[in-house]
Structure formats: structure tokens, C-alpha cells
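Q: Residue 1 is where the sequence shown starts when you use the UniProt record's numbering, and the numbers rise one by one after that.
Before anything else, here's the structure in question.
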Amino acid sequence: MKVAKFTKGHKQLIFFLVMAIIIVLIAIFAKQIAPKDPLNAVMTKPLHAPDNENLLGTDILGRDILSRIIYGTRYSLFMTLALVGTVFTLGTILGLLAGYFGGIVDTIIMRLADMMVSFPGIILAIAIAGLLGPSMTNAIIAISSVTWPKYARLSRSMVLKIKKELYVEAARLTGSKDKDILFKYILPNMVTLMLVTAISDIGALMLEISALSFLGFGAQPPVPEWGAMLNEGRTYLAKAPWLMLYPGMAIVIVVVVFNMLGDNIKDLIDIKEEDF
């Protein structure tokens, strides 16, 4: 009864949660779902229009677009999750240290964060990726370098509020070590909002990874990554529009699903970044 009542009252949340689960399942079971090998070139069928055998057509090398998009779900999503995990961990820890210890630690971390956000994020990420060289690992490093300040600032602001609570003061007065106060009393009370923020950022960070791959700084051929597929297909846009249409649709769907999922979770637990 409670489940039915919850489902009825949160239809949008349930819908996007189910969509997110489906996307994750597609990524996990890409090998079982994909009808063909995404790297298998069929030179007799280049730029073949969608038909019964190739539902979304083929690319210039005759590779099945549907299979490449399905495998691209795994690659694009897992790389995005790796990026989210990196900026979440780095930003949260740095913000935790800055907010708790203050002084020179706070000054150094926050001035570094201010310096990073003083430049347009994607432009700076492109510059860093260009210096490091084209690869998905370097793309993740580049985007992480310009994204962590958001998490550090949010983490710091929450720490500044939480460390004034009575239970934290009591722990300090009873002789608890700084490490124990940080990870037993402060971190558990801020991790919920940090995680929800990370979920909300999955879509935006996927867009940034796809953008770098589209520009040639991320995934490299023949990897079936959606941004790289857009880059490969732009040359043949007039002749074979499906090369860009379907990977673009995949990106839009995933971005919308995770953005809406994050927003609905925030509404459900009724916490806002502005509260901190």
C-alpha cells in the first residue's frame, strides 16, 4: 500500500528512475544486446541506409550504428561515472579540509578553486586536454581539473555550517581526533546532498566528455563513444544524416534522464544547495 501511494505521488521520479536503470542495464549487457560486433567493418555496405538488417544504418566502414550506440552506452556512461567519481571525491575532500581547518589550508584551496573557475570551464578543459594529448583518460583529467571547485565550494560551505552543531562541539570537547570528527560526524551529514549533486551532474559531464571526443581530444576511433561517433559522422552529414542523428539522440536522452532524476531526488528529500 505504501509503495503504491509513493509511486502515485512521485510518478515523474519513478519514470526517470526506471529509465536510468534501463540505461545502466543496456550498458552492462551491451554485449548480449547488440546485434552485431560494433568494430566489425563490412566494406561492401558503407553508409548503408537503415533497413531490416541494420536498423539504424551503417557508417563509412559498414559498421552497424545500432550496435555501436549500444556499446557506446557502456563506454560513455562508465567514463562519465569515472569522471563524476573523480570530481566528487577530489572536490569533497578538498572542501572538507578547507572548511574544517580554515586558515592557510582554506586560503590555498579556495584561491586555487577561484583561479580555476575564473576561466570558461569547457575552454580551459579543451586547453588542458590539448596539452596532455588526445585520450579519454586525459579528457577525464582535463574536465576534472575545471569541475572539482564546484564540489569543493559546496563541501566547504556545508562543513562551515555543520561544524558549529552541538554534537560536533561535544565531540571536540571530549577529545575526539580531527580525523574522527571529519569522517564520523561531519561527512555523513553532508554526503547526501553531495551524492544528489553528483547524480544531477552526470548529464552535464557526459556532454562535456562527448564535446571533447567530438573535437578529437577524447575517445579515439574505432572506440564507439557517442561524441567520437558524431565527429566521424559530420563529414557525411548531407549523405548519411543517421550517422549524427542517432548518437545525438542517445546523448540527449541520457542527459535529460539523469538531469531530471537528480532534480526529482532533490525535491523528494527536500534539500537545496542554497541552504548551505
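From the three backbone atoms N, C-alpha and C, an ideal C-beta is built for every residue, glycine too.
Keep in mind it's a predicted model, so treat the numbers as computed, not measured.
With DSSP as the reference, please indicate the residues paired to D64 in a beta bridge.
A: Bridge partners of D64: T58.
Q: What residue range is occupied by the uninterrupted alpha helix (DSSP H) comprising Y151?
A: That run of the alpha helix (DSSP H) goes M136 to I162.
Q: Report the CB separation of V146 from L124 in whole angstroms; it is logged as a contact under 8 Å.
A: Yes, V146 and L124 are in contact; Cβ-Cβ is about 5 Å, under 8 Å.
Q: Rounded to the nearest angstrom, what separates I122 and D270 at their Cα positions?
A: The alpha-carbon atoms of I122 and D270 are separated by roughly 31 Å.
Q: Can you give me the start and stop residues for the alpha helix (DSSP H) that L245 sits inside?
A: Where L245 is concerned, the enclosing alpha helix (DSSP H) stretches over W242 to I269.
Q: Considering K45, what are the terminal residues of the alpha helix (DSSP H) in which it resides?
A: No alpha helix (DSSP H) holds K45; DSSP gives it neither H nor E.
Q: Whole angstroms is fine: what's the gap from M43's alpha carbon to L56's?
A: One C-alpha to the other measures close to 17 Å.
Q: Just curious, the alpha helix (DSSP H) that D201 is in, first and last residue?
A: Residues V191 to F214.
Q: Shortest alpha-carbon distance to T86 belongs to which of K31, D37, Y151 and M115?
A: The residue with the shortest Cα to Cα distance from T86 is Y151.
Q: Would you decide whether L166 is buried or exposed? Buried here means 16 or more other CB atoms lie within 10 Å of its CB.
A: Classification for L166: exposed.
Q: Could you compute how far the alpha carbon of N54 sits from the alpha carbon of D114?
A: Rounded to the nearest angstrom, the two C-alpha atoms are 50 Å apart.
Q: Report buried or exposed for S76, applying the criterion of at least 16 other Cβ atoms within 10 angstroms of its Cβ.
A: Flag for S76 reads buried.
Q: Assuming P38 and R74 form a contact by the criterion Cβ under 8 Å, report the distance between their Cβ atoms to the nearest whole angstrom.
A: That pair is no contact at about 10 Å.
Q: What's the call for M249, buried or exposed, on a 16-neighbour Cβ count within 10 Å?
A: Exposed, by the Cβ-count rule.
Q: So for F276, helix, strand or coil by DSSP?
A: Note that F276 has pLDDT 49, beneath the 50 cutoff, so the model's placement of it is unreliable and the number below is only indicative. Note: F276 maps to coil in three-state DSSP.
Q: Rounded to whole angstroms, what is the Cα-Cα separation between D263 and I202?
A: Taking the straight line from one Cα to the other gives about 12 Å.
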